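In what follows, a structure is listed as structure tokens, so that the remarks can point back to it.
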Amino acid sequence: MHQATSVQCYWQGHSPDWLTRTVAWATFLEKVPDMKTVIAIGQGAAKDSFRMVDHPIPEPGTGEVRVRIYASGINPSDYKVRSGAQGPLPEGDVIPHSDGAGIIEAVGAGVASSRIGERVWVFNVNRSADGMTQGNRGTAAEQIVVDVAYTALLPDGISFEQGACLGVPAMTAHRALMADGPIKDKWVLVTGGAGAVGLCAIALAKWAGARVITTVSGPEKAEHARQAGADHIINYREENLPEAVLAVTNGTKIDRIVDVALSDTMQDAHLYLRQGGVIAHYATTNPA
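Every letter in the sequence shown is one number past the one before it in full-length UniProt numbering, and letter 40, counting from 1, is 40.
Printed below as a string of structure tokens:
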């Protein structure tokens with residue numbers, strides 16, 4: 001039985017590439033003949049929470065594909081699950097991690113055989129059927145089966161580790177920005193602009209034609225946000241947020257907020273968010 005080798009970790013902020021910084025780490029699994037997977041055996045410190053096991057190679061069903069995983073991305077929702085912040089683990093073997101990237105090796109009924117060999121990134125894999133809670137089948141395995149709707153083509157110029165950084169952060173950012181309609185020429189505020197979702201939201205908002213303001217806590221994070229494309233960057237530890245936002249917009253209230261800390265933002269959002277404006281919130285574990 002061969003062991004998975006070549007394990008590397010990337011910590012947020014240590015790479016010159018902003019896309020790679022959008023995930024805390026990525027775990028790389030070498031292509032080997034036998035199926036290896038990681039399962040969660042508890043919650044708490046990472047060193048005490050996982051073990052490597054043998055698993056049968058899964059076969060894709062109708063509408064599914066089997067992907068050989070080359071990079072398994074760990075995003076904030078994954079470590080919140082591991083810590084217990086999002087409730088207990090489901091019953092049975094739990095393969096962790098929501099996102100990843102690899103190559104399609106087999107397809108089920110209803111999926112074109114031409115998809116075999118495609119480089120793809122996958123997202124939100126280990127969710128329950130309703131998409132709201134932790135599921136059992138994540139990307140910390142050599143091969144996974146996933147609904148083809150949760151795969152997206154990975155261009156040749158993008159590495160597997162970059163693809164594994166997209167996933168939930170990118171899809172969350174896209175939903176938060178676009179759920180209420182187009183944002184071309186609108187003012188958008190992204191709070192926490194140096195985080196995983198924040199960086200994706202900045203880049204996507206600029207791509208969609210918005211004017212983007214973001215908040216950060218220091219100079220290093222400001223540089224990350226600037227590389228992602230932010231037009232205006234506010235250090236919320238040094239500046240009054242409502243005053244700084246209105247100074248940027250010449251007194252015009254903004255149209256949309258992509259927010260990571262709702263209990264803080266709601267205290268004074270009425271001062272700089274227009275009537276009928278939208279706050280799209282995600283991520284907090286603060287019950288307030």
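Yeah, the Cβ is synthetic: ideal placement off N, Cα and C, and Gly gets one too. Quantities reported herein were computed from a predicted structural model and do not represent experimental measurements.
Bridge partners of TRP187 according to DSSP: ARG211. Three or more Cβ pairs closer than 8 Å define a contact, and the region 174-181 falls short of that threshold against the region 110-117. Bounds of any beta strand (DSSP E) do not take in SER263; it lies within the alpha helix (DSSP H) bounded by 262-265.
The Cβ neighbour count for LEU153, taken over all protein chains shown within 10 Å, is under 16; the residue is labelled exposed. If you ignore the 5 residues before and after VAL145, its C-beta comes within less than 6 Å of the C-beta of PRO58, PRO60, GLU64, ARG66, all in its own chain and listed in chain order. For SER49, the CB contacts under 8 Å within the same chain, skipping 5 residues up- and downstream, are ALA40, ILE41, GLY42, GLN43, ARG82 in chain order. In this structure ASP185 is exposed. Its beta-carbon is surrounded by fewer than 16 other beta-carbon atoms within 10 angstroms. Given a length threshold of 4 residues, each whole run of the alpha helix (DSSP H) inside the region 73-108 is given here in chain order: 76-83. In its chain, beyond the 5 residues on either side, THR22, ASN75, ALA196, VAL197, CYS200 have a beta carbon closer than 6 Å to the beta carbon of PRO169.
A direct Cα-to-Cα measurement between GLU243 and ARG119 gives close to 46 Å. Contact between LEU241 and ILE233 is ruled out by a C-beta separation of about 12 Å, above the 8 Å threshold.
Going by C-alpha positions, ALA280 is about 37 Å away from ARG51. Annotated three-state conformation of ARG175 is helix, per DSSP.
Ranking ASP255, VAL125, PRO90, GLN86 by CA distance to the CA of TYR272 puts ASP255 first.
The distance from the Cβ of GLY193 to that of ILE183 is about 16 Å, inconsistent with a contact at the 8 Å cut-off. Contact between LEU166 and TRP121 is confirmed by a C-beta separation of about 5 Å, below the 8 Å threshold.
For LYS36, there is no enclosing alpha helix (DSSP H); the residue is found in the beta strand (DSSP E) stretching over 36-40. Taking a contact as a CB-CB distance under 8 Å, the pair VAL258 and VAL188 counts as one, their CB atoms being some 7 Å apart. For GLN43, there is no enclosing beta strand (DSSP E), as DSSP marks it with neither H nor E.
Residues of the same chain with a CB within less than 7 Å of the CB of VAL216, apart from the 5 flanking positions on each side, are GLY193, ALA194, ALA222, ALA225, ILE233, ASN235 in chain order. For the pair ASP54 and LYS80, the CB atoms are not nearer than the 8 Å cut-off.
When secondary structure is reduced to three states using DSSP, GLU64 falls in the strand class. The residue among GLN267, THR265, GLU238, VAL190 with its C-alpha nearest the C-alpha of GLY229 is VAL190. With fewer than 16 other beta carbons inside 10 angstroms of its own, ALA85 counts as exposed.
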